[in-house]
Amino acid sequence: MADIRVSVQDGESKAFPQGVVAAEALKELVSGKQRKQTVAVKSNGHLIDLTTPLTEDTVIEPVAVDSEIGLDILRHSTAHLMALAVKELFGEQVKVAIGPAIEDGFYYDFDREQPFSPDDFERIEAKMTELVNARLPFSRKEMSRDEATRWFARMGEQYKVELLQDMDADTVSLYTQGAFVDLCRGPHVPDTSWLKVFKLLRVAGSYWRGDEKRQMLTRIYGTAFADKKELSQYLTRLEEARKRDHRRLGKQLGLFTIQDQIGPGLILWQPRGALLRRLIEDHWKDEHYRHGYQLLYTPHIARQDLWKTSGHLDFYSENMYSAMEIDEVMYQLKPMNCPFHIGVYNADPHSYREFPIRWCELGTVYRYERTGALHGLMRVRGFTQDDAHIFCRPDQLEEEIFNIIDLNLRILNTFGFDQYDVYLSTRPAKYVGSDDHWKLSTQALKQALEKKGLAYQIDPGEGVFYGPKIDIKIKDLLGRSWQCSTIQVDFNLPERFQMTYTGDDGADHRPIMIHRALMGSLERFIGVLIEHYAGAFPLWMAPEQARILNITDDQAEYCEQVYSQLRARGIRIEKDLRNEKLNYKIREAQLMKVPYMLIVGDREKQDGTITIRRRDGENLPAMTPEAFVDFVTEECRH
RNA sequence: GCCCGCGUAACUCAGUGGUAGAGUACCUCCUUGGUAAGGAGGAAGCCAUCGGUUCAAGUCCGAUCGCGGGCUCCA
4 MADIRVSVQD GESKAFPQGV VAAEALKELV SGKQRKQTVA VKSNGHLIDL
54 TTPLTEDTVI EPVAVDSEIG LDILRHSTAH LMALAVKELF GEQVKVAIGP
104 AIEDGFYYDF DREQPFSPDD FERIEAKMTE LVNARLPFSR KEMSRDEATR
154 WFARMGEQYK VELLQDMDAD TVSLYTQGAF VDLCRGPHVP DTSWLKVFKL
204 LRVAGSYWRG DEKRQMLTRI YGTAFADKKE LSQYLTRLEE ARKRDHRRLG
254 KQLGLFTIQD QIGPGLILWQ PRGALLRRLI EDHWKDEHYR HGYQLLYTPH
304 IARQDLWKTS GHLDFYSENM YSAMEIDEVM YQLKPMNCPF HIGVYNADPH
354 SYREFPIRWC ELGTVYRYER TGALHGLMRV RGFTQDDAHI FCRPDQLEEE
404 IFNIIDLNLR ILNTFGFDQY DVYLSTRPAK YVGSDDHWKL STQALKQALE
454 KKGLAYQIDP GEGVFYGPKI DIKIKDLLGR SWQCSTIQVD FNLPERFQMT
504 YTGDDGADHR PIMIHRALMG SLERFIGVLI EHYAGAFPLW MAPEQARILN
554 ITDDQAEYCE QVYSQLRARG IRIEKDLRNE KLNYKIREAQ LMKVPYMLIV
604 GDREKQDGTI TIRRRDGENL PAMTPEAFVD FVTEECRH
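My numbering puts the first sequence at residues 4 to 641.
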């Protein structure tokens with residue numbers, strides 16, 4: 004049999020007999036140190052195990068265990084290791100489902116009569132360590148799909164059987180480690196001794212194949228790293244992230260509260276949070292005015308008939324609160340603002356010359372959310388959307404969408420967000436509207452995105468039944484991404500509400516309607532903002548921009564004067580003139596993340612100045628109150 | 001809604017069947033101190049709610065409500 008040539012990318016190359024495994028080739032081709040770090044290789048671009056035989060000329064690229072791909076492999080193998088440990092401990096009681104690597108870790112789903120609880124972790128981890136020390140190899144075997152199906156069926160692993168039945172491939176690969184055989188594409192670490200640094204983190208329920216009508220499985224989440232230091236860094240990072248949790252900061256900073264007596268998912272904005280919200284709303288309104296929008300206000304309830312006409316009763320009733328009777332007529336709380344804006348539209352006749360019409364509203368809506376879905380400010384039952392509806396002609400669609408995206412990014416940027424994921428959702432299986440309409444608007448969304456130079460992913464079939472949409476998601480600190488912005492084209496409501504305008508031909512036409520929200524909901528947006536800034540808001544939106552602190556009672560009167568003066572100039576200032584040490588007052592202001600502390604002792608009183616301490620601990624030279632006003636005004640410009 | 005975990009003072013948390021605890025915050029007094037906690041004292045709890053087991057329940061069991069982590073769903 005002819006030799007084959009194996010070369011390392013950008014490195015040496017050598018001839019080997021056919022069937023040489025990657026690990027052996029590496030021994031000759033790369034240094035010991037690099038080899039030790041190599042967990043798998045890319046062979047001609049495909050990831051393979053170190054133990055996989057090579058059969059043709061190959062360029063291999065070592066994958067380091069601490070690289071992104073290497074960690075993925077490590078974690079995936081650790082998931083298998085955990086499954087093996089669970090199998091050894093609980094044997095027949097447990098059926099295995101799936102166990103992939105995920106961002107920052109891995110999980111494995113198990114089916115067991117009595118679900119796992121964190122109390123089981125210690126035992127499972129101990130067993131895992133035992134198996135690591137046993138240095139069990141991960142060995143790969145290929146077999147036909149039918150053969151594999153029969154094998155798993157014999158073992159009673161019905162979940163694996165189901166997975167196999169849904170695959171197209173004729174041959175599949177299995178990995179064996181110890182007594183555990185798993186259906187798996189691989190690759191894996193060569194043996195369990197690679198898996199020394201891991202930790203089980205939490206248990207959770209999850210539905211088989213994500214379908215709530217199917218079996219509830221118990222999922223164990225864990226993580227694994229190439230070395231101990233990285234694991235402890237990761238755990239520290241989790242701890243830090245917890246400190247930034249908007250629910251914790253919301254309480255600490257006195258921004259908002261949620262109370263049993265009021266009800267779950269209902270937000271009470273405390274003075275500081277309310278002020279923060281007002282600042283955001285004011286900015287939002289100003290920007291919309293500048294960009295040709297008009298502001299509307301509409302009610303919170305409407306006759307049930309309205310929701311019948313809009314179709315919400317048919318398509319959305321499970322999210323709506325029950326009807327209430329008023330004077331023998333049924334009314335219902337609004338889950339959306341659109342029908343009201345249409346009401347405004349239909350109050351008057353319209354001509355094509357008026358278009359585009361851009362109406363916006365900070366509209367408070369109420370939606371029933373399942374209790375398990377509620378989450379601080381991020382997912383609530385009553386929330387205020389920064390909603391807008393744009394009515395236009397087909398020839399204006401693309402430009403309008405471009406304008407919306409432009410304003411959207413502009414506003415997100417102002418708030419300090421420049422990292423987001425953009426999705427374009429296309430026509431679902433069930434839909435209304437003509438194919439032409441769908442084509443035109445999907446195309447318009449796509450072109451606007453491209454013109455704006457935005458990278459996006461397509462979510463096929465994930466559009467709303469009434470039209471395609473663009474979603475923009477912002478990531479929070481724990482890496483969870485939250486949908487904020489959404490831009491949706493709607494063919495349905497203009498039809499249902501018989502909306503018309505007079506065209507240049509004198510005939511009636513249907514306008515195109517675009518729904519959009521930039522921040523999504525103020526609640527969620529502020530939740531993300533709190534975490535983004537860890538509560539240390541930029542000066543322009545800080546509810547308390549400055550706090551004046553006296554050193555002794557002797558300066559109290561002077562402080563009162565400066566306080567009134569600055570307040571009158573529009574600075575959001577508070578005072579702390581208590582009989583406490585300066586240290587103590589600084590600490591409190593610091594914990595409240597107040598951007599500027601104005602410190603006044605005898606020196607300042609004498610000179611008619613204030614000394615300024617920034618929240619990062621640095622001091623600015625003493626200045627007059629007037630100079631401070633200019634200073635703040637300058638910093639707030641955006 | 002589903003799976004697991006958790007509800008003790010305003011907050012953060014101790015308390016494994018036998019008289020409810022700490023720190024912080026709060027109130028009073030002392031202290032007037034130049035850049036992240038000065039000192040002393042005081043008040044504060046139907047141990048989420050309802051039911052059960054027990055001579056005895058914050059503690060064990062069940063239900064309900066709420067919260068947390070996921071799943072599902074979504075702004």
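C-beta: ideal position from N, C-alpha, C; glycine also.
Model, not experiment: these values are computed from the prediction.
Query raised in the report: Which residues bound the beta strand (DSSP E) around T489?
Result: Sequence index remark: in the first sequence, residue 489 carries index 486 (1-based). Per DSSP, T489 belongs to the beta strand (DSSP E) from 484-493.
Query - Contact between the segment 412-429 and the segment 455-465 (3+ Cβ pairs under 8 Å) - result: yes
Report task. Could you name the residues that DSSP lists as bridge partners for R222? Result -> As a position in the first sequence, residue 222 is number 219, starting the count at 1. D112, A207.
Query raised in the report: For Y111, does the count of other Cβ atoms within 10 angstroms reach 16, so buried, or fall short, so exposed?
Result: On the first sequence, residue 111 is found 108 positions in, with the first residue counted as 1. When all chains shown are included, Y111 counts as buried.
Report task. Look up F343 in the DSSP assignment and say whether it is helix, strand or coil. Result -> On the first sequence, position 340 is the one that residue 343 refers to. Three-state result, F343: helix.
**Report entry** S176 beta carbon less than 8 Å from that of R143
**Finding:** Here residue 143 refers to the residue found at position 140 when the first sequence is read from its first residue. Here residue 176 refers to the residue found at position 173 when the first sequence is read from its first residue. Yes, these two residues count as a Cβ contact at 8 Å.
Report task. Would you mind sorting K39 into buried or exposed? The rule is 16 or more other CB atoms within 10 Å of its CB. Result -> In the first sequence, counting from the first residue as 1, residue 39 sits at position 36. Classification for K39: exposed.
Query raised in the report: From which residue to which residue does the alpha helix (DSSP H) around A86 run?
Result: Position 83 of the first sequence holds residue 86. Counting along the chain, the alpha helix (DSSP H) containing A86 begins and ends at 71-93.
Requested in this report: Identify, in the order they occur along the chain, each residue of the same chain with its Cβ nearer than 7 Å to the Cβ of R618, setting aside the five sequence neighbours on each side.
Outcome: As a working note, residue 618 is residue 615 in the first sequence. Excluding positions up to five away in sequence, the list reads A539, Q593, K596, V597, P598.
Query - Residue(s) in a DSSP beta bridge with P65 - result: Here the question's residue 65 lines up with position 62 in the first sequence. According to DSSP, which records beta bridges pairwise, P65 is partnered with V44.
Query - Bounding residues of the alpha helix (DSSP H) (the contiguous stretch that carries G530) - result: On the first sequence, residue 530 is found 527 positions in, with the first residue counted as 1. Looking at the DSSP string, the run of the alpha helix (DSSP H) that includes G530 is 525-536.
Query raised in the report: E372 and G523 look like a contact to me (Cβ under 8 Å); what is the Cβ gap, rounded to whole Å?
Result: Translated into the one-based positions of the first sequence, residue 372 becomes position 369. Translated into the one-based positions of the first sequence, residue 523 becomes position 520. With a Cβ gap of about 14 Å, E372 and G523 do not count as contacting.
Query raised in the report: Within this structure, are the beta carbons of L580 and A559 separated by less than 8 Å?
Result: Within the first sequence, numbered from 1, the residue matching residue 580 stands at position 577. Within the first sequence, numbered from 1, the residue matching residue 559 stands at position 556. Yes, the pair counts as a contact, with Cβ atoms nearer than the cut-off.
Query - With 16 other Cβ atoms within 10 Å as the buried cut-off, status of T152 - result: Along the first sequence, read from residue 1 onward, the residue named residue 152 stands at position 149. By the neighbour-count rule (16 or more Cβ atoms within 10 Å), T152 is buried.
Report task. Write down every uninterrupted run of the beta strand (DSSP E) in the segment 568-607 whose length is 3 residues or greater and which is fully enclosed by it, in chain order. Result -> 576-579, 599-603
Report task. To the nearest angstrom, report how far apart H392 and R280 are at their CA atoms. Result -> The sequence position of residue 392 within the first sequence is 389, counting from 1. The sequence position of residue 280 within the first sequence is 277, counting from 1. Computed Cα separation, rounded: 22 Å.
Report task. With a 10 Å radius around its C-beta and 16 neighbouring C-beta atoms as the bar for buried, classify N644 as buried or exposed. Result -> Given that the chain is displayed from residue 4 to residue 641, the structure contains no residue 644 and the question cannot be resolved.
Requested in this report: My understanding is that L380 touches H249, with C-beta atoms under 8 Å, so please give their C-beta distance in whole angstroms.
Outcome: Along the first sequence, one-based indexing puts residue 380 at 377. Along the first sequence, one-based indexing puts residue 249 at 246. Between H249 and L380 the Cβ distance is about 6 Å, and since that is below 8 Å, they are a contact.
Query raised in the report: Quick one: what does DSSP say L50 is sitting in, helix, strand or coil?
Result: For the purposes of this step, residue 50 is identified with residue 47 of the first sequence, where counting begins at 1. Correct three-state label for L50: strand.
**Report entry** With 16 other Cβ atoms within 10 Å as the buried cut-off, status of N340
**Finding:** Position 337 of the first sequence, counted from the first residue, corresponds to residue 340. Buried, because 16 or more other Cβ atoms sit within 10 Å of the Cβ of N340.
Query raised in the report: How would you call P514, buried or exposed, if buried means at least 16 neighbouring beta carbons within 10 angstroms?
Result: Residue numbering aside, residue 514 sits at position 511 when the first sequence is read from its first letter. P514 should be labelled buried.
Query raised in the report: With burial defined as no fewer than 16 other Cβ atoms inside 10 Å of the residue's Cβ, what is the status of P628: buried or exposed?
Result: What you label residue 628 is simply residue 625 of the first sequence in a count that begins at 1. Its Cβ being crowded by 16 or more others within 10 Å, P628 is buried.
Query raised in the report: Measuring CA to CA, which of Q307, P56, G385 is closest to I261?
Result: Here residue 261 refers to the residue found at position 258 of the first sequence. Here the closest residue by C-alpha is G385.
**Report entry** Close Cβ partners of S196 (< 7 Å) along its chain, the five nearest in sequence each way excluded
**Finding:** Counting from 1 along the first sequence, the entry for residue 196 is found at position 193. Excluding positions up to five away in sequence, the list reads V135, R138.
Query raised in the report: Based on the DSSP secondary-structure assignment, which residues constitute the bridge partners of E364?
Result: On the first sequence, position 361 is the one that residue 364 refers to. Answer is D390.
Query raised in the report: Are M394 and I360 touching if we call contact CB-CB under 8 Å?
Result: Counting from one through the first sequence, the residue named residue 394 turns up at place 391. Counting from one through the first sequence, the residue named residue 360 turns up at place 357. The amino acid occupying residue 394 in the given sequence is Phe; Met does not appear at that position. Going by C-beta atoms, F394 is nearer than 8 Å to I360.
Query - Given A227 as reference, the closest of K17, L84, I345, T41 once Cα atoms are compared - result: Numbered from its first residue, the first sequence carries residue 227 at position 224. Taking only the C-alpha atoms, the option nearest A227 is L84.
**Report entry** Opening and closing residue of the beta strand (DSSP E) in which K455 lies
**Finding:** Within the first sequence, numbered from 1, the residue matching residue 455 stands at position 452. Premise fails: K455 is in no beta strand (DSSP E) and is neither H nor E.
Report task. Using a threshold of 8 Å, state whether the C-beta atoms of N622 and I615 are closer than that. Result -> As a first step, residue 622 is located in the first sequence; it is residue number 619 there, counting from the start. As a first step, residue 615 is located in the first sequence; it is residue number 612 there, counting from the start. Cβ atoms of N622 and I615: closer than 8 Å.
Report task. Whole angstroms is fine: what's the gap from I407's alpha carbon to H286's? Result -> The sequence position of residue 407 within the first sequence is 404, counting from 1. The sequence position of residue 286 within the first sequence is 283, counting from 1. I407 and H286: Cα-Cα distance of roughly 16 Å.
Query raised in the report: First and last residue of the alpha helix (DSSP H) that includes E290?
Result: Here the question's residue 290 lines up with position 287 in the first sequence. Residues 274-293.
Report task. On the DSSP bridge assignment, give the partners of P140 in chain order. Result -> Here residue 140 is taken as the residue at index 137 of the first sequence, counted from 1. DSSP lists D194 as partners of P140.
**Report entry** Best match in M544, L601, A537, D409 for proximity to C562 [C-alpha to C-alpha]
**Finding:** Numbered from 1 along the first sequence, position 559 holds the residue referred to as residue 562. Checked all of M544, L601, A537, D409; the closest Cα to C562 is L601.
Query raised in the report: Should T58 be labelled buried (16 or more other beta-carbon atoms within 10 Å of its own) or exposed?
Result: On the first sequence, position 55 is the one that residue 58 refers to. T58 comes out exposed.
Query raised in the report: Using the rule of at least 16 other Cβ atoms within 10 Å of the residue's Cβ for burial, across every protein chain shown, is N349 buried or exposed?
Result: Stepping through the first sequence from its first residue, residue 349 is reached at position 346. Label assigned to N349: exposed.
Report task. Return helix, strand or coil for E3, following the three-state DSSP convention. Result -> As displayed, the chain neither begins before 4 nor continues past 641, which places residue 3 out of reach and without an answer.
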